[in-house]
Ligand SMILES: Cc1cc2nc3c(=O)[nH]c(=O)nc-3n(C[C@H](O)[C@H](O)[C@H](O)COP(=O)(O)OP(=O)(O)OC[C@H]3O[C@@H](n4cnc5c(N)ncnc54)[C@H](O)[C@@H]3O)c2cc1C
Ligand SMILES: Nc1ncnc2c1ncn2[C@@H]1O[C@H](COP(=O)(O)O)[C@@H](O)[C@H]1O
């Protein structure tokens, strides 16, 4: 990011931003929009489908094809990822199938992706801003010596056909739109959950399949996987994808009061989370943090109790369909993004809300 | 063992304000700090040094005032420091930054071979998490990102074992030295500097390198020139147009408020009630 790295302005404001973008001749053949389909241990990360949905729009605007890039071991799971890519919008799938791609390691994945890019030359390459996606994208962009914009929240195609990648900066207080001049592909990683999940369309035709060899042996790979320790609390990962989320903030006063949040979540069949200070104080696990440095959520309903709505929190919840805020301060920033606001004491409203929902939904789930 | 830790001086983001009219960052008066994520890497590096021997060199690229951060790191216990500063570096994006830092690490290695390079997981101003992987690629180092724990380093076999966070769990990885590691936040906590370290830090002769001294071979790969990305536009997030429906709370009981809130929720999201009933009944 040029802006942040600039110690002293070397040139008048505007810098190269005003430069004419004349693409070097050898990049002119780069065409089509690609999405890296992230598969780890047989499971495709949903951000891949979100990106195919977004990529479809970009490809249509450019009048080019949308392709998914699938990498994995030979077998049913990899083939299923290929088949699903078409249903989420891919016209073509590039497939690198090799036993060495069973578990993620930087070397074989970076080689595979770099090779397919160099061979088939896309103009846009999108990856999820996950631990895997960011590990891989950094290596591939450096190898290709092209621009990479990290952790984007918005993508668009400009009139001159270039990718405009927008991302929060300085903790979300500002947004900046970044272009990759004179290099291809234009690469970006995109936060999970900021793009809408597209509908799966089983009637879409099965598109082209282009297979590419890895050409690597285990001995070529220096890093070895000794073991994998799967996360125990399996619902931790669900927060980002939950339909209903209830969260609490410092306004709850003390850790015991957080139970009011989990009680409501239980009745709603919802996931729970919280603001960063609760993680720092040890009230909740780090995986439950919502916001810029935590999870981005996109639920149908988000209930925030005793949360002020700082910008770093806001960027993680803006995609929710309906935000309900409970805060005793009528001037709290959370009311600027809430759809429904309740000025009041969360400690009395939360239990009343839990009871009212329980009646309305007429179920008696075990609290827990 | 020789470890290089890349640290960046950043404005303390908790105190950053955005100018309401020009939408620019107001840096005046905002104190600079070592990028907080880099401290986890610095601490891990010093722990390895404390158990295995050797030294820790901190490296930073930035304006001359970045020297403050390097001295701070020396005060915390780092052994040596290199400041990379040159007007040619101004405006570097991650590709150009990793080029400059990688060149400097190569230079450092000429006199004192480097076994491990540490970088932070990401910065709080750039926030890209790309510079670490960029350095690894350029120096052809094995890359271990999002490391929660360095399990052990075997200097004889020149091997390192780490726990690396992945989406669904933790990978236990073994690789060869030299390598590049980025530490996950919370994996340790930075020590307090000792008095002797603080005194040493104040007196320490740190090395200040310009592009030439850092062994930069191709100056066109640095700074604005060497940066394929350009910031086209900086703007403030737009306020939402529709205002919140405020539930009338004056003189109402918590039960009345809740009932009104639930009505408002289901009015705004008509499909939600059916979904929730289904969800609550466990039918999906
Ligand atoms: C680099 C960086 C990254 C960050 N990342 C994140 C992030 O990912 N997620 C995040 O959440 N934060 C993040 N933060 C922190 C963020 O800036 C705020 O400090 C934080 O979100 C505030 O948490 P809070 O709303 O719980 O607490 P506070 O700001 O203290 O707000 C408490 C609120 O509760 C209200 N209240 C008090 N009593 C009651 C009551 N009885 N009933 C109802 N309301 C009551 C108050 O009016 C107030 O609005 C980050 C900060 C930085 C610098
Ligand atoms: N100018 C710099 N000087 C030294 N290290 C840096 C610099 N920029 C980035 N780094 C390192 O690279 C990491 C990732 O930075 P970033 O890609 O900007 O998120 C940081 O945590 C630092 O360890």
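Residue numbers (our numbering), protein chains in the order written: chain A, 1378 to 1745; chain B, 40 to 323.
Virtual Cβ for every residue (Gly too), placed ideally from N, Cα, C.
Fair warning: this is a prediction, and the values are worked out from it, not measured in the lab.
Buried versus exposed call for residue i [16 or more other C-beta atoms within 10 Å across all chains shown]
i: residue 41 (chain B); result: buried
i: residue 151 (chain B); result: exposed
i: residue 1402 (chain A); result: exposed
i: residue 234 (chain B); result: exposed
i: residue 100 (chain B); result: buried
i: residue 1381 (chain A); result: Bear in mind that a pLDDT of 44 at residue 1381 (chain A), under 50, signals an unreliable position, so the number given afterwards is only what the model happens to contain. It counts as buried.
i: residue 104 (chain B); result: exposed
i: residue 1734 (chain A); result: buried
i: residue 1565 (chain A); result: buried
i: residue 202 (chain B); result: buried
i: residue 1743 (chain A); result: Only weak support is given to the placement of residue 1743 (chain A): the predicted model assigns it a pLDDT of 43, under 50, and the question is left unresolved by the model.
i: residue 1462 (chain A); result: buried
i: residue 90 (chain B); result: exposed
i: residue 1583 (chain A); result: exposed
i: residue 47 (chain B); result: buried
i: residue 274 (chain B); result: exposed
i: residue 1597 (chain A); result: exposed
i: residue 242 (chain B); result: exposed
i: residue 1578 (chain A); result: exposed
i: residue 32 (chain B); result: Residue 32 (chain B) falls outside the range modelled here, since chain B spans only 40 to 323, and no answer is possible.
i: residue 1563 (chain A); result: buried
i: residue 54 (chain B); result: exposed
i: residue 231 (chain B); result: exposed
i: residue 315 (chain B); result: buried
The alpha helix (DSSP H) enclosing residue i, as first and last residue numbers
i: residue 1712 (chain A); result: 1711 to 1714
i: residue 1343 (chain A); result: No statement about residue 1343 (chain A) is possible, as the shown extent of chain A runs from 1378 to 1745 and does not include it.
i: residue 1690 (chain A); result: 1688 to 1694
i: residue 240 (chain B); result: 234 to 242
i: residue 229 (chain B); result: Neither: residue 229 (chain B) is in no alpha helix (DSSP H) and is coded neither H nor E.
i: residue 85 (chain B); result: 75 to 91
i: residue 1527 (chain A); result: Counting along the chain, residue 1527 (chain A) falls outside any alpha helix (DSSP H), though it belongs to the beta strand (DSSP E) covering 1525 to 1529.
i: residue 1521 (chain A); result: 1508 to 1521
i: residue 174 (chain B); result: 170 to 178
i: residue 256 (chain B); result: It is not in any alpha helix (DSSP H) - residue 256 (chain B) carries neither H nor E in the DSSP assignment.
Sheet register partners of residue i (DSSP bridge)
i: residue 1556 (chain A); result: B:269
i: residue 1545 (chain A); result: A:1552
i: residue 1679 (chain A); result: A:1622 and A:1700
i: residue 316 (chain B); result: In DSSP, residue 316 (chain B) forms no bridge with anything.
i: residue 1534 (chain A); result: A:1540
i: residue 1424 (chain A); result: Answer by DSSP bridge pairing: none, since residue 1424 (chain A) is not bridged.
i: residue 193 (chain B); result: B:198
i: residue 119 (chain B); result: B:96
i: residue 1469 (chain A); result: A:1444 and A:1585
i: residue 1413 (chain A); result: A:1446
i: residue 1672 (chain A); result: A:1667
i: residue 186 (chain B); result: B:203 and B:222
i: residue 71 (chain B); result: B:50
i: residue 261 (chain B); result: Beta-bridge pairing links residue 261 (chain B) to no other residue.
i: residue 149 (chain B); result: None, per the DSSP bridge assignment.
i: residue 1717 (chain A); result: A:1701 and B:284
i: residue 1502 (chain A); result: A:1411 and A:1564
i: residue 1363 (chain A); result: Within the shown structure, residues of chain A are numbered from 1378 to 1745, placing residue 1363 (chain A) beyond reach of any answer.
i: residue 41 (chain B); result: B:94
Residue span of the beta strand (DSSP E) that contains residue i, given as start and end
i: residue 1599 (chain A); result: Taken as a continuous stretch (DSSP letters only), residue 1599 (chain A) belongs to no beta strand (DSSP E), as it is neither H nor E.
i: residue 250 (chain B); result: Residue 250 (chain B) -> no beta strand (DSSP E), and no H or E assigned at all.
i: residue 1482 (chain A); result: No beta strand (DSSP E) contains residue 1482 (chain A), which DSSP labels as neither H nor E.
i: residue 215 (chain B); result: 208 to 215
i: residue 1448 (chain A); result: 1443 to 1449
i: residue 1399 (chain A); result: Residue 1399 (chain A) -> no beta strand (DSSP E), and no H or E assigned at all.
i: residue 1588 (chain A); result: 1585 to 1588
i: residue 1563 (chain A); result: 1563 to 1567
i: residue 157 (chain B); result: 155 to 159
i: residue 1648 (chain A); result: 1648 to 1651
Check: residue i C-beta below 6 angstroms from any heavy atom of ligand 3
i: residue 1536 (chain A); result: For the structure depicted, ligand 3 is absent and the ligand set comprises only ligand 1 and ligand 2.
Do the segment 1418 to 1430 of chain A and the segment 1398 to 1407 of chain A meet, that is, are 3 or more Cβ pairs less than 8 angstroms apart?
Using a C-beta cut-off of 8 angstroms, the segment 1418 to 1430 of chain A makes no contact with the segment 1398 to 1407 of chain A, since fewer than three inter-stretch Cβ pairs fall below that distance.
Residues of the segment 284 to 303 of chain B in Cβ contact with chain E at a cutoff of 7 angstroms, in chain order, please.
Of the protein chains in the structure, A and B, none is chain E.
Taking three-plus beta-carbon pairs below 8 angstroms as touching, is the segment 1598 to 1606 of chain A in contact with the segment 197 to 214 of chain B?
yes
At least 3 beta-carbon pairs within less than 8 angstroms: the segment 180 to 194 of chain B vs the segment 1526 to 1542 of chain A
no
Touching or not, the segment 243 to 253 of chain B and the segment 1519 to 1528 of chain A, by the rule of three or more beta carbon pairs under 8 angstroms?
no
Is the segment 1435 to 1447 of chain A in contact with the segment 1464 to 1481 of chain A, if contact means three or more CB pairs nearer than 8 angstroms?
yes
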